[in-house]
Structure formats: C-alpha cells, structure tokens
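Everything on this sheet refers to the single structure shown next.
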Amino acid sequence: MPVKIDSSRCTGCKLCVESCPEDVFRLVPNSKVPRVARPDECFHCGACVMDCPEQCIHLILPLPLKPRFIEKKVFNEISGRSPEKK
Amino acid sequence: MSKKEFKQAKEADVLVIGGGLGGCMAALHAHREGARVLVVEKANVRRSGGAGTGNDHFGGIVIPGLSQWAAEDLVRDHTELAFGFVNQELVYTMASEGFDRVKDLEKMGIEFYKKDGKYYLFPQLHKVRSTLYMGGRDIKPKLAKELQRQKIPVLNRTMVVDLLVRDNQVVGAIGMNTRDGSLTLFKTKSVVLTTGACFRLFMNVTGVLMNTYYPPSSTGDGLGMALRAGATLTNMEGSNAIRGPKNLQRAGSGTYWPAKTVDAQGIPLDYPFPGESYYRWPAFTAGWTRARVQEGKIRLPVFRDTTSLSSEEIEFIERGLREEGGCWILLEWMKKHGKNFRTHLMEDDTYERRVSGGSGLFVNAQCQSTLSGLFAAGEVIAGLPWGAGPGAITLGWKAGGNAALHAQETTTLEPLPDQVENTLTRIKSHSSREKDLWADANLALQRIMSSYMGDIRSEEGLKIGLYRLEELIGEWKIIARNPHEMMRALEIENLSTIAKACLTAALERRASSRYHLHFRVDYPEWDPPEWKRWILVRQRGDQIEVEHRPIEYKY
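Sequence order for the protein chains is A and B. Take the first sequence: its position 29, counting from 1, is numbered 29 in my numbering, and each next residue is one higher. Take the second sequence: its position 245, counting from 1, is numbered 331 in my numbering, and each next residue is one higher.
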C-alpha cells in the first residue's frame with residue numbers, strides 16, 4: 001500500500017478523498033476511514049498527507065521508487081575522485 | 087439528440103476546461119470581465135494539475151527597477167535556447183506581465199522570497215537572474231479558495247470528453263463525472279483549454295506506469311479533444327525529457343541550481359554552454375547526454391553534488407524542495423534514512439519524454455487557437471517552452487480575458503446532434519463486456535512510442551510506428567467496469583490520438599533537430615536552417631493533414 005491511514009486517529013473528514021488527484025481513495029459503507037482502493041494509481045504526490053488535518057496519513061515509497069544517494073566517501077572511492085578536490 | 091442521456095445541461099460564457107494554475111487564472115480574469123464562468127476539472131481544483139502539491143519558483147520575468155534585462159532581452163535569450171522554436175509574443179507576455187501576476191498571487195496569500203527587503207531573483211533559465219522564489223506549497227488550495235470567494239462555479243471530478251464545434255466555432259462540450267458516470271452537456275460562447283501536459287505516452291524509465299512528476303492523469307486530454315475538433319497543433323515531433331532524482335520522479339530541476347552535476351568519475355559536466363546557468367542543461371538531456379556518453383566524455387550515472395556547498399546554498403535547495411510539488415517527500419525520506427546534502431550525492435536519471443513545454447495547440451499572441459472561441463494556455467499550448475507555472479499563470483490570465491471579450495461578441499449556438507451522438511457512441515464503446523485493461527492498453531501504446539519514436543528515428547521506423555498504432559487501435563477493446571475505468575479508457579484514447587499526430591509530425595520533419603530531441607538517422611545533419619519552421623498538424627476525419635509555416639520573429 002502506498003498510503004497508510006492511522007484508523008485510530010482518522011476522524012472521517014474525507015478531505016483526502018476530495019484532494020487526491022488520481023482518486024485513489026474510496027469511501028466504504030459503515031466505516032469513517034477511507035479505503036485505499038486503487039493503490040497502483042498513486043503517484044506519491046503527498047496531497048493527502050499535506051491536507052490531512054489530523055496528520056494521520058503516511059506515504060510509503062515502494063522499492064522501485066526509492067531515491068538513491070551515495071556517501072561522499074564511497075563516491076570518491078568508486079569514482080577515483082580525490083577527496084580534496086572540490 | 088437523446089436528451090435523456092444527459093443528467094444536466096449547463097450554460098456559460100466562458101467554459102474553462104482544466105482547473106490547474108492556468109485554468110484558475112483564466113477563470114478569475116474572465117469573471118472580472120463580467121463573463122459567466124464555469125470551471126470543469128477532472129480531479130479537484132484544490133490539488134489538481136502540475137502544481138497541485140506546490141511550485142517553488144516563478145521564472146522568466148522582468149521586475150522593473152530590479153532586473154538586469156528588459157523583456158525583449160529575455161525573449162531573445164529564450165529564442166536562442168529553443169533554437170528559434172518559440173512564439174515570441176507569448177514569451178514576451180510572460181516576461182512583461184509576470185510581475186503583475188506575482189502581485190495578484192501575493193494578494194491571495196502566496197509569499198515571494200525577499201532578501202534585504204527586495205525581491206530575490208536567482209538564475210534559472212536565462213543568462214541573467216529572472217526567477218523568483220515562491221512559497222507555493224499551497225498555491226492550489228489558495229487559488230481554489232479565491233474561486234470560491236468570488237463565487238465562480240467549479241465542477242470537480244468531471245472529465246471533458248469532447249468539444250462541440252459548429253462552423254469552426256466552439257459551441258460546447260460534453261463532460262463525464264468520473265465517480266457516478268453522469269453526463270453533462272455544456273453550451274458556451276468560448277472555451278479556455280488548460281488541460282496541461284501530456285504524460286504516459288512514452289514508457290516510464292522506472293518501469294512503474296504511474297510514476298510521473300506531474301499527475302499521471304495529465305494525459306493531454308485537451309490535445310486529444312482539440313485534434314478531434316479540428317484545431318491545429320504544432321511541434322508534435324518534439325518532446326521534453328527532464329532530469330531529476332533517480333526513481334522518485336520529481337520536477338523542479340532548477341531548484342538544485344547551486345549544486346554541481348558530476349558524472350560517475352566525479353568530473354563536473356561540461357554544459358552545452360560552458361559557464362552558463364544550470365537550467366540550460368535539461369533541454370538537451372536525452373540527445374546530448376547520449377552523444378557525450380558514446381564519445382566517452384561522460385560516464386553514467388550522473389549525480390548532483392551538493393557536498394561542497396555552503397550552508398546557505400543547501401538551505402536554499404531545501405527550502406525550494408519544501409515548496410515544490412511533492413519534493414518534501416524526498417526531504418522526509420532523506421531525514422528518515424540518514425541521507426544529507428552535506429554528506430551525500432544524489433543520483434540522477436533522465437526521465438522519459440513528455441509532450442509539452444512547447445508542443446501542443448497552435449495559438450496566436452492572444453492565446454486563440456485556429457478555432458473561433460477556443461483559447462488555451464499553460465502546458466497545452468505550443469511556442470512557450472519551459473513556461474511551466476509562470477507560463478500557465480500569465481497566459482491563463484490572458485486567455486481568460488480574451489475568452490470573455492470573445493463571448494461578448496458571440497451568441498450561444500445549439501450543438502449539432504450528430505456530433506453529440508458520435509461522442510456518446512465513443513463512450514458506450516467501452517463497457518464491462520470488453521477485455522483489455524486500460525493499463526495494458528497504455529503499456530502497449532507506450533511500447534510503440536518508445537520503440538519507433540525514441541532517440542533514433544527514421545522514415546521507415548516512423549511508418550512502421552504508424553502501422554503498429556493503427557493495428558493496436560484496431561484490436562484493443564478497453565474495458566470500463568465503472569466510471570473511473572471509463573475515465574482511464576478515454577485517457578488512453580486521447581493518448582492514441584496524440585500519438586498519431588506525433589508520429590506524423592516526426593515523419594514530416596526530415597531533418598534532425600536538437601530542440602525537438604528529434605534525431606533522424608536518415609537526415610543526420612543537426613538543425614539545417616531551412617528547417618527552422620513550424621510543422622502544423624490537424625485531423626480531418628481519420629487523416630492527419632500537415633502544413634509548413636515560417637516562424638515569425640518580432641524581437
């Protein structure tokens with residue numbers, strides 16, 4: 001799931017359902033917490049997280065979307081760049 | 087026409103299709119001119135469009151008394167950057183009216199960064215400083231609030247399926263609610279098309295279909311409907327490929343401007359224009375990088391090296407990332423995983439192509455298309471590359487004002503029943519009885535575009551591409567089990583309509599063009615001067631007609 005709603009804190013205001021540009025959420029009968037009905041259509045824009053008044057939505061980046069960083073020390077070793085050189 | 091098919095009919099003087107930055111500004115201006123305005127938005131204006139979750143910079147503008155250059159100078163620089171493929175009058179509007187729009191946005195509570203009491207300009211696109219820093223994280227909720235305050239009606243979750251045209255004049259549109267499937271018939275005197283860029287046409291470099299840096303629902307719907315309505319498009323052989331963080335696709339490449347870009351050997355990249363500003367780079371990424379890699383001058387991958395920057399410069403980058411669409415997610419992720427701009431280099435990638443930022447609807451200086459009453463602004467229009475947010479805001483405002491003036495001189499016309507019937511038939515062709523999933527249809531289409539219209543093109547390859555496209559359109563039966571899937575199916579249809587225009591234009595440009603990222607192996611000479619001209623395309627029935635036109639330069 002790209003998005004997780006903390007159901008203990010969700011008040012059911014539905015702002016995430018309204019904000020989502022891809023309409024990923026769906027309201028379900030007898031539940032105040034929206035369901036992440038179309039997880040494959042989430043593009044991790046974070047609109048739901050930004051708009052949630054309870055701050056109870058969390059984004060989870062799936063493996064292929066994880067940004068990639070490299071420590072300067074490791075980069076210098078691999079690249080053969082001298083560490084003094086700026 | 088079967089009236090019972092429609093849940094409702096709505097009338098307006100100015101119908102704004104697409105409620106992003108450009109659409110909101112168009113609506114505000116048309117409303118101020120006294121027009122009855124209606125905004126139709128596929129998602130929700132609160133967070134829709136390319137700036138839905140923010141925009142941190144506002145570039146390409148002149149601030150009187152502060153800028154080093156006049157608007158004319160910016161226009162000339164922009165023209166040079168784009169190898170001449172610009173509509174100079176649109177660029178001039180952005181440069182000269184941009185600051186007026188900044189003041190409009192300030193009134194809505196959007197803050198622009200100042201240093202020592204003066205607006206802070208930084209270099210991005212141009213040789214001189216012409217970009218303002220903006221606290222634009224909530225620019226969309228603020229614009230949505232302004233529409234509400236001025237009582238401008240908005241119809242959210244409504245996808246416009248087709249424009250309705252009579253005697254070359256736009257008279258209406260058909261919209262579909264993406265949640266309940268109900269249809270609306272719009273009658274209008276003029277339309278402002280602000281549907282944004284076209285994504286999901288080429289295969290995603292990460293292999294994840296919806297991992298795009300603008301909303302994946304930006305499928306160039308406006309271009310699809312404009313082609314079906316008979317409007318003229320240009321630069322469709324061209325596409326834009328930007329560079330950004332590896333894997334998590336994000337725009338805002340200019341936000342990192344103080345950073346050095348280095349290759350895998352740690353060698354700072356030699357930009358196409360040495361010593362000039364950072365932003366000159368993205369325009370060349372796909373073609374230029376490939377050539378440099380093959381010559382052995384660059385070894386991939388490429389990194390953004392921030393490790394030798396000053397604290398002030400790093401704060402500058404981080405502040406920008408907090409305001410630019412979805413980039414705060416990158417910052418949060420870094421914090422959580424112990425990555426830091428002081429100690430780590432960020433790996434970059436060149437993303438797949440998108441059609442926008444210079445390609446699209448052919449409009450004049452007044453933002454009017456070749457159809458009477460059809461105005462457009464933002465990423466859907468041609469001739470304003472790298473306009474992005476400021477382009478949408480300044481020209482959206484202009485298009486809205488002109489659409490309102492047009493409406494004053496026009497009477498409402500009844501749409502033609504046959505046209506309405508055609509659209510209804512098209513919608514009904516997708517049902518739960520069909521077999522192909524929209525995502526599969528999308529991938530099959532992307533496979534064609536990336537195979538035959540990629541980095542190396544030829545007459546034969548493009549012709550086979552067109553053949554494969556017709557074959558695919560003939561065989562797919564896209565399933566729609568609910569209104570949401572219907573929206574996706576209609577998006578794929580728009581993409582296939584655009585694909586045909588792109589392949590046809592690429593076939594017609596028998597020359598290689600750096601601006602268009604268009605390398606024809608059968609015409610390998612770059613940018614022969616006789617090819618500095620527009621290739622116009624328009625759809626007539628099932629055929630795409632092509633026309634060449636000289637580019638006019640005023641500045």
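Glycine included, C-beta positions come from ideal geometry on N, C-alpha and C.
- Task: Consider the Cβ of G12 of chain A: report whether some Cβ of chain B lies at a distance smaller than 9 Å.
- Result: no
- Helix, strand or coil for D186 of chain B, going by three-state DSSP, please let me know. helix
- Query: Is DSSP giving P636 of chain B helix, strand or coil here?
  - Reply: strand
- Message: Taking the alpha helix (DSSP H) that K400 of chain B belongs to, which residues open and close that run?
- Response: Reading off the sequence shown, one finds Ile at residue 400 of chain B, where the question assumed Lys. Looking at the DSSP string, the run of the alpha helix (DSSP H) that includes I400 of chain B is S397 to E409.
- From the beta carbon of C56 of chain A, is the nearest beta carbon of chain B less than 9 Å away? no
- Smallest Cα separation from N528 of chain B: which of B:G258, B:R567, B:I260 and B:L576? B:L576
- Message: Does the contact criterion of 3 or more C-beta pairs under 8 Å hold for the region 466-484 of chain B versus the region 123-142 of chain B?
- Response: yes
- Query: Is the beta carbon of Y205 of chain B sitting closer than 9 Å to the one on L152 of chain B?
  - Reply: yes
- Query: Given R122 of chain B, which residues of its chain have a CB within under 8 Å of its CB, disregarding the five upstream and five downstream residues?
  - Reply: E97, A98, D99 and V100
- Pull out every residue of the region 19-46 of chain A whose Cβ sits closer than 8 Å to any Cβ of chain B, in chain order. S19, C20, P21, E22, D23, R38, D40, E41, C42, F43, H44, C45 and G46
- Query: Would you call K73 of chain A buried or exposed, if buried means 16 or more other Cβ atoms sit within 10 Å of its Cβ?
  - Reply: exposed
- Could you name the residues of the same chain whose beta carbon sits closer than 8 Å to that of L548 of chain B, not counting the 5 residues immediately before and after it, in chain order? Y538, M539, L589, A592 and L593
- Message: So, under 8 Å CB-CB, A463 of chain B and G145 of chain B are touching, yes? Tell me the CB distance rounded to an integer number of Å.
- Response: Contact flag wrong, Cβ pair sits at about 17 Å.
- Query: Since N326 of chain B sits in a beta bridge, which residues does DSSP pair it with?
  - Reply: B:R440
- Query: Under a CB-based cut-off of 9 Å, is R81 of chain A close to chain B?
  - Reply: yes
- Query: Going along the chain, which residues of the region 154-176 of chain B sit with their C-beta nearer than 8 Å to a C-beta in chain A?
  - Reply: none
- Can you find a C-beta in chain B that's less than 9 Å from the C-beta of R68 of chain A? yes
- Item | According to DSSP, residues forming a beta bridge with V251 of chain B | B:V256
- Mind reading off the beta-carbon distance from V100 of chain A to V24 of chain A? Whole number of angstroms is fine, and I expect it under 8 Å. In the structure as shown, chain A begins at 1 and stops at 86. Residue 100 of chain A is therefore absent and cannot be evaluated.
- chain A partners of Q351 of chain B, CB-CB under 8 Å? S79, G80 and R81
- Item | Where the alpha helix (DSSP H) containing K586 of chain B begins and where it ends | P569 to E594
- Close beta carbons around F75 of chain A, own chain, < 8 Å, minus the five adjacent residues each side: R81
- Which residues DSSP lists as bridging H604 of chain B, in chain order: B:S599
- Query: Closest Cβ-Cβ distance between H570 of chain B and chain A: below 9 Å?
  - Reply: yes
- Message: Residues of the region 277-310 of chain B in Cβ contact with chain A at a cutoff of 7 Å, in chain order, please.
- Response: T292, G293, V294, M296, N297, T298, P301, P302 and S303
- Are any of the Cβ atoms in chain A nearer than 9 Å to that of V246 of chain B? no
- Task: Report all residues from its chain with a CB closer than 6 Å to the CB of K514 of chain B; omit the five preceding and five following residues, and keep chain order.
- Result: none
- Task: Report the neighbours of M1 of chain A on chain B: residues whose CB is nearer than 8 Å to its CB, in chain order.
- Result: Simply none; closest approach about 14 Å.
- Query: In angstroms, rounded to a whole number, what distance separates the CA positions of K237 of chain B and E166 of chain B?
  - Reply: 43 Å
- Message: Three or more C-beta pairs under 8 Å: does that hold for the region 496-504 of chain B against the region 247-265 of chain B?
- Response: yes
- Query: For I637 of chain B, which of B:I225, B:E175 and B:R405 has the nearest alpha-carbon?
  - Reply: B:E175
- Item | Residue(s) in a DSSP beta bridge with D391 of chain B | B:K346
- Taking the alpha-carbon positions, what's the D628 of chain B to I147 of chain B distance? 42 Å
- Task: Establish whether the CB of R433 of chain B and some CB of chain A are separated by less than 9 Å.
- Result: In the sequence as displayed, the identity of residue 433 of chain B is Glu instead of Arg. Judged by the 9 Å Cβ criterion, E433 of chain B is in contact with chain A.
- Query: G469 of chain B and V449 of chain B: beta carbons closer than 9 Å?
  - Reply: yes
- Message: Residues in the same chain with beta-carbon distance under 8 Å from A530 of chain B, minus the five sequence neighbours each way, listed in chain order, please.
- Response: L558 and W562
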